[in-house]
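A short worksheet on the structure shown next.
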Amino acid sequence: MRGLPFFLAVLVLLKIEIIVGVWRYNNILEDENLFTLHNAVFLKYDGSDFVEWEYPECCNVNNKSSPNAIMKCTSPGFQMVKPLVSSPEEEEARYLFISDSFFSFIWYAVVPIDRGSTETSAKKVRMWIIDPEQAYPAEINNTALVPSTQSRYITKHFYNNGQYPVIKLKSKQTHLGHFQKDGYWEAVIPGDERFNDFHIYGQPISFQHRFVIDGQHTFYWPEPAEPNGEREVSLRLAPGSPLSLVWGTCELYRGLLLSDTGALITKNAFLTSEELMVDPGTLPVPPEGYFTVDQAALLEDGIIFRIDDALYWRDNQDRVLTEHPQLPTSGVMGIYQRTCCASNYPVQDVELSSLIVWKDNLLLVGPKQLKNPGRENFLKIVLKVPPRVTYLTASFGSHPASLATLVMYSVPGAIPRNFLTSYNELVPSWITSTFMTKFKLKDIPKGPFEMRFLESADASLLLWNKETILYSFHNDNEWGEIRPFNASHLSAAAFGSKIHQVALDHSWNMLVKMENNILFYCKVGMHEVVRLHKWMEPDSRMVLYLNQKEQINMLTLTPEGLHVQKYPMMMETKSAMKGSYHDCPFISFEHSMNTISYNMDKGDQMVQWAQIVYPEGKGVHVKFLSNNADLLYIEQKSHFEGVNSVDTVNTTFIISQKVDYSDATSYTQLTKKTSGIVTLELVPNQIGNTCNLPMSRISHFNVGCPPNRHIRVARPWGMPCEMHSLTNYTILRSVLRDPQQDDIVVYYDWEKFGCLLKTHYKNQFLPSIDLYDGDSYVRNVDANFIVWDRFGRKDYSFNATMRQVACLRESQTWISMLTGGKSLEEAWGPENYRTCFKVSPGKLGNLDQPYEIMNRSSKNFLTFSQVDSATYVFNVKILDPNYSFCDLHAVFAVQTYGITIPKYQHLTTYVAIVFTLFSLCILGYSYCRYVTIFRNLLATKRHKYE
Ligand SMILES: *[C@@H]1O[C@H](CO)[C@@H](O)[C@H](O)[C@H]1NC(C)=O
Ligand SMILES: *[C@@H]1O[C@H](CO)[C@@H](O)[C@H](O)[C@H]1NC(C)=O
Ligand SMILES: *[C@@H]1O[C@H](CO)[C@@H](O)[C@H](O)[C@H]1NC(C)=O
Ligand SMILES: *[C@@H]1O[C@H](CO)[C@@H](O)[C@H](O)[C@H]1NC(C)=O
Ligand SMILES: *[C@@H]1O[C@H](CO)[C@@H](O)[C@H](O)[C@H]1NC(C)=O
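Here it is in structure tokens:
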């Protein structure tokens with residue numbers, strides 16, 4: 001009797017095994033833009049009980065009784081498709097949204113490998129247009145180097161109609177394609193050692209009433225992998241663990257997939273992957289013959305593995321697994337690698353962390369490279385907690401400079417309490433969030449937890465365990481539990497399966513993947529998830545991977561190897577929400593704030609807009625969220641328009657930096673207080689799961705000195721500028737500001753001072769100053785500036801007096817500024833500049849002195865020594881306190897000519913020479929005389945003795 005229930009159970013299991021079917025679909029390029037009337041949909045049923053496809057009348061299927069059928073539709077809209085099966089349980093129907101888009105041609109791009117080129121040299125991109133339905137297999141799998149006959153024909157027609165492609169790089173740089181006789185366009189783009197990623201934009205030109213879809217293309221240039229050596233052993237997760245995926249924080253295409261059968265590494269977004277093995281070096285190899293890994297982090301120069309509670313290092317170079325002196329060897333409970341690249345965050349001179357490690361009572365952070373010559377320790381302690389407190393999890397925050405940790409505080413005899421506390425790397429301080437206090441103690445799920453913050457101006461996060469997800473949006477203003485319809489939590493709606501992965505893209509889409517491959521979807525900001533159709537068998541070992549193109553890929557590990565498949569998320573979510581109450585409160589939302597970081601120097605102003613279109617009476621508007629907003633002045637203006645019960649609101653945001661720094665009691669302090677990074681976010685006040693939201697959501701405004709901003713003195717038109725014409729020159733002590741014993745010799749530094757501007761000594765000179773960001777010209781500087789000779793000359797002046805420039809009181813001068821005993825560099829600047837154009841109580845002073853401040857538009861020019869031709873090396877510095885956050889200064893050199901050396905100087909030389917000659921003559925004469933006299937004397941003597 002005991003055997004029967006067992007037998008039945010086996011039967012039920014077996015039956016489930018047999019009847020579990022799953023169906024999927026895609027198009028030839030696995031591109032969501034190509035579900036159109038022009039393109040075929042490939043339907044695929046996996047399972048043994050297939051009978052035939054059920055599909056609408058307006059669609060054709062090539063063989064409805066084949067589990068791999070091809071469908072083409074003739075009218076647009078949702079098309080219900082469903083496989084009919086022999087088993088009693090019905091298959092899910094899908095509503096495939098087939099659009100009548102005119103965009104159905106595709107830009108094809110290929111970068112032929114040029115054997116002669118070096119790795120970093122520029123790359124040649126070939127581009128042509130393909131019709132996906134008629135393309136050659138090599139064009140489909142992106143291996144074609146020249147167009148097929150059909151593609152060449154289409155491309156030629158487009159070319160004749162005026163089509164041409166423009167490549168836009170991540171840096172916003174654009175490159176035009178030039179048409180070649182071989183039937184493709186070619187463009188040269190700057191090389192990158194490992195990876196190229198660009199968009200191709202075409203012109204709005206059609207052929208046969210069909211247009212070309214703009215597209216993103218990525219190319220990888222991985223170094224060839226070295227074969228694994230004999231000593232090398234594999235790394236595995238604990239038996240039965242679900243797959244685990246990590247990727248390079250700023251290099252999404254570098255990935256590491258861990259499984260209980262081995263580790264796979266890729267350098268090209270899983271186009272290819274190899275098994276990752278390590279040389280155990282001096283470490284003892286466990287008896288199983290492999291290392292059992294808990295977690296991994298991909299740094300730029302190697303990989304960190306957490307094995308038990310220790311961290312190990314595998315260097316990219318020698319591939320030996322070692323206990324690194326910089327890594328803790330015990331007590332490590334978890335590591336978290338930054339998921340969103342922070343390299344666009346406009347912070348200067350600070351490297352934000354990429355890794356968090358929590359260990360015993362310490363929370364540590366580390367940068368993106370372990371080997372960092374400038375750094376003493378790889379890991380830095382940011383938080384130390386008392387023994388009663390335990391770290392539960394940690395993650396990087398909504399702002400790139402923040403991080404947070406969830407801790408548990410246990411008091412003997414009481415229920416442990418959890419706290420979320422966050423830290424800012426730029427202004428080191430910890431703040432405890434109210435998040436955990438919002439929930440009743442009994443409602444707080446049990447760990448282990450994982451946490452992820454969303455990119456936002458306000459702190460917004462998701463916290464999950466194996467069963468459910470808690471959320472807190474907008475600095476704890478909205479919080480709760482993310483729930484599926486009709487179920488208490490996610491696990492309950494997925495037959496008790498556990499949460500495996502929470503994947504987020506940049507367009508606010510969130511996918512929750514359960515261990516049994518059930519997927520839930522919602523827009524970030526919503527608290528109800530939608531269960532999606534089954535796409536993958538429950539027992540497949542699968543993990544979601546978001547690539548550079550923001551496409552969701554499903555990585556499936558089978559005994560044969562790794563399969564990569566694109567998942568048409570938008571089609572699937574549309575289908576799953578068809579006919580449900582999920583909707584979007586607006587029709588469209590777009591905005592202009594599409595750059596990740598902007599620079600705001602003093603006085604800068606910028607205009608951004610956001611437009612939202614919605615059905616009348618929905619009360620939708622655009623919210624403008626920001627942190628640190630007091631650093632910027634933001635004015636909003638809305639333009640409203642209502643047509644046919646559709647309302648359009650276009651809100652303009654005038655963002656400006658408006659602070660007056662003149663006459664500040666402490667300029668430095670005020671500058672510090674009014675600079676920093678502001679994160680702004682543009683969001684509709686209401687969203688829904690079916691909304692289309694733009695990719696860019698936040699922008700960082702760097703209120704401060706833009707990187708590489710500097711000034712240069714322009715060479716006046718027609719003025720000669722000499723290079724390397726001297727090595728040194730002498731400044732007479734009589735023309736030095738500080739009296740010296742001797743004349744000084746100045747060695748001219750051509751690198752630093754640049755060329756020598758040659759001008760006649762009678763000419764007046766007004767330096768023209770240009771502002772640059774790196775090597776790009778910004779504008780001509782119209783602010784006040786001062787100049788001074790670097791080596792202390794004072795034999796130059798200014799041709800305007802204070803009275804001539806209309807000063808209302810005596811202006812500042814070098815003499816007045818230098819009284820404090822400060823150096824020339826420090827004595828005078830924006831921090832202590834006071835204008836003379838304001839009346840002030842007290843004495844008027846002498847207005848007939850030269851005015852020593854210059855300006856592009858003033859009539860005040862430099863005048864040079866009228867006594868001697870001279871060489872000046874001038875420092876120039878912007879004086880206006882409201883001009884820039886940057887310390888703007890430059891050097892220029894002037895050499896005057898035209899003075900013949902005055903007569904008295906000639907005379908002195910002449911006299912000296914004459915005197916010398918005279919003395920020499922006398923000397924010579926006396927010598928001759930002496931010799932003669934001596935000879936005569938000798939002769940007389942000899943004569944005597946003879
Ligand atoms: C249609 O598909 C079925 C099942 O694969 C196959 O047996 C049949 O031969 C196909 N019919 C045609 C016309 O190709
Ligand atoms: C791509 O297509 C070509 C031509 O059909 C074929 O020879 C090649 O093996 C394919 N490559 C891949 C990676 O599928
Ligand atoms: C919104 O208004 C701004 C400025 O008034 C304008 O430049 C922008 O094009 C408008 N947006 C749309 C979508 O019309
Ligand atoms: C200065 O330069 C001249 C000519 O180049 C050279 O002859 C002289 O020795 C230099 N003087 C010093 C002090 O180096
Ligand atoms: C200074 O010299 C410049 C150039 O020669 C001249 O344009 C300007 O008027 C002069 N300024 C005064 C105040 O004389």
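Residue numbers (UniProt numbering): 1 to 946.
We treat Cβ as the ideally placed atom computed from N, Cα and C, and that holds for glycine.
Quick caveat, the model's predicted, so the values are computed rather than measured.
Original post:
Taking one C-beta from the segment 385 to 404 and one from the segment 437 to 451 each time, how about it: are there three or more such pairs within less than 8 Å?
Top reply: Contact holds between the segment 385 to 404 and the segment 437 to 451, because three or more Cβ pairs, one in each stretch, are under 8 Å apart.
Original post:
What residue from D279, S343 and L888 has the CA that sits closest to D318's CA?
Top reply: D279
**OP:** Under 7 Å from any heavy atom of ligand 1, by CB: list those residues in chain order, please.
**Re:** N63, S65, S66 and P67
Original post:
Under a criterion of Cβ closer than 7 Å to any non-hydrogen atom of ligand 5, which residues qualify, in chain order?
Top reply: The set of residues with a C-beta under 7 Å from any non-hydrogen atom of ligand 5 comprises Q764, N799, A800, Q804, K859, N860 and F861, given in chain order.
Subject >> Candidates D309, F495, N465 and F291, of which the one nearest E481 by Cα >> reply: N465
**OP:** Identify whether T390 lies in helix, strand or coil by the three-state DSSP scheme.
**Re:** strand
Original post:
Can E641 be considered in contact with ligand 3, in the sense that its beta carbon sits closer than 7 Å to one or more heavy atoms?
Top reply: no
**OP:** Within its chain, find whatever has a CB closer than 6 Å to the CB of P239; leave out the 5 residues flanking it on each side and keep chain order.
**Re:** D260
**OP:** Go through its chain and collect everything with a Cβ distance to N191's Cβ below 7 Å, but skip five positions before and after it.
**Re:** This sequence places Gly at residue 191; Asn is not what is there. Excluding residues within five positions, the ones whose Cβ falls inside 7 Å are T120, S121, A122 and K123.
Subject >> ligand 3 heavy atom lying under 7 Å from the CB of E635 >> reply: no
Subject >> C-alpha gap between P284 and V350, whole angstroms >> reply: 39 Å
Subject >> Length-filtered (4 minimum) alpha helix (DSSP H) runs lying within the UniProt domain "CATSPERE Ig-like" (589 to 694) >> reply: 667 to 673
Original post:
Shortest alpha-carbon distance to L327 belongs to which of N316, L355 and A187?
Top reply: L355
Original post:
By a C-beta neighbour count over all protein chains shown, 10 Å radius and 16 as the cutoff for buried, is H724 buried or exposed?
Top reply: exposed
Original post:
Can you give the Cα-Cα distance for Y761 and Y796, rounded to whole angstroms?
Top reply: 10 Å
Subject >> Cβ-based neighbour list, residue 966, same chain, cut-off 6 Å, excluding 5 preceding and 5 following >> reply: Beyond the ends of the chain as shown, which are 1 and 946, falls residue 966; an answer cannot be given.
Original post:
Residues in its own chain within less than 7 Å of V873 by CB, not counting five upstream and five downstream?
Top reply: Apart from sequence neighbours up to five positions away, the residues of its chain that approach V873 with a beta-carbon distance below 7 Å are F753, D789, R790, F791, V891 and A893, ordered along the chain.
**OP:** Verify the contact flag: N936, CB atom, against every heavy atom of ligand 4, threshold strictly below 7 Å.
**Re:** No, the Cβ of N936 stays beyond 7 Å of every heavy atom of ligand 4.
Original post:
Can the beta-carbon of Q203 be found closer than 8 Å to that of Y164?
Top reply: Between Q203 and Y164, the C-beta spacing is below 8 Å.
Subject >> Distance, M571 Cα to G77 Cα >> reply: 12 Å
Subject >> Distance CB(P132)-CB(L34) smaller than 8 Å >> reply: yes
**OP:** Spell out the partners DSSP gives L463 in its beta bridges.
**Re:** Among the bridge pairs identified by DSSP, L463 is matched with M451 and L470.
Original post:
Hey, C705 and D601 are a contact pair by Cβ (cut 8 Å); roughly how many whole angstroms apart?
Top reply: 7 Å
Original post:
Is it true that the CB of F453 sits closer than 8 Å to the CB of G397?
Top reply: yes
Subject >> C-beta atoms of L43 and Y25 nearer than 8 Å >> reply: yes
**OP:** Locate the beta strand (DSSP E) running through K359, then write down its first and last residues.
**Re:** L355 to K359
Subject >> Endpoints, the alpha helix (DSSP H) within which K156 is located >> reply: T149 to N160
**OP:** Give the range of the beta strand (DSSP E) segment to which H871 is assigned.
**Re:** One detail in the question is off: residue 871 reads as Thr in this sequence, not His. It spans T871 to I878 - the beta strand (DSSP E) in which T871 sits, taken as one unbroken run.
Original post:
Hey, is residue 957 close to ligand 3, as in C-beta under 7 Å from one of its heavy atoms?
Top reply: The shown model of the chain, from 1 to 946, leaves out residue 957, and the question about it has no answer.
Original post:
From P881, S884, L562 and S865, pick the residue whose C-alpha is nearest to that of I899; which is it?
Top reply: S865
Original post:
Excluding the five sequence neighbours on either side, which residues of its own chain have a C-beta within less than 6 Å of the C-beta of F207, listed in chain order?
Top reply: H157 and F158
**OP:** Could you pull the start and end residues of the alpha helix (DSSP H) that P137 belongs to?
**Re:** Judged by DSSP secondary structure, P137 falls within the alpha helix (DSSP H) whose first and last residues are P137 to I140.
Original post:
Whose C-beta lies closer than 8 Å to the C-beta of E852 among residues of the same chain, with five residues either side of it excluded?
Top reply: I786, F798, S811, Q812, T813 and W814
**OP:** Check L257 in the structure and name its three-state DSSP category.
**Re:** strand
**OP:** Kindly indicate which three-state DSSP category K15 falls into: helix, strand or coil?
**Re:** The predicted model places K15 with a pLDDT of 43, which falls under 50 and marks its position as unreliable, so this point remains unresolved.
Original post:
Which residues have their C-beta within less than 6 Å of a heavy atom of ligand 4, listed in chain order?
Top reply: T727, N728 and V745
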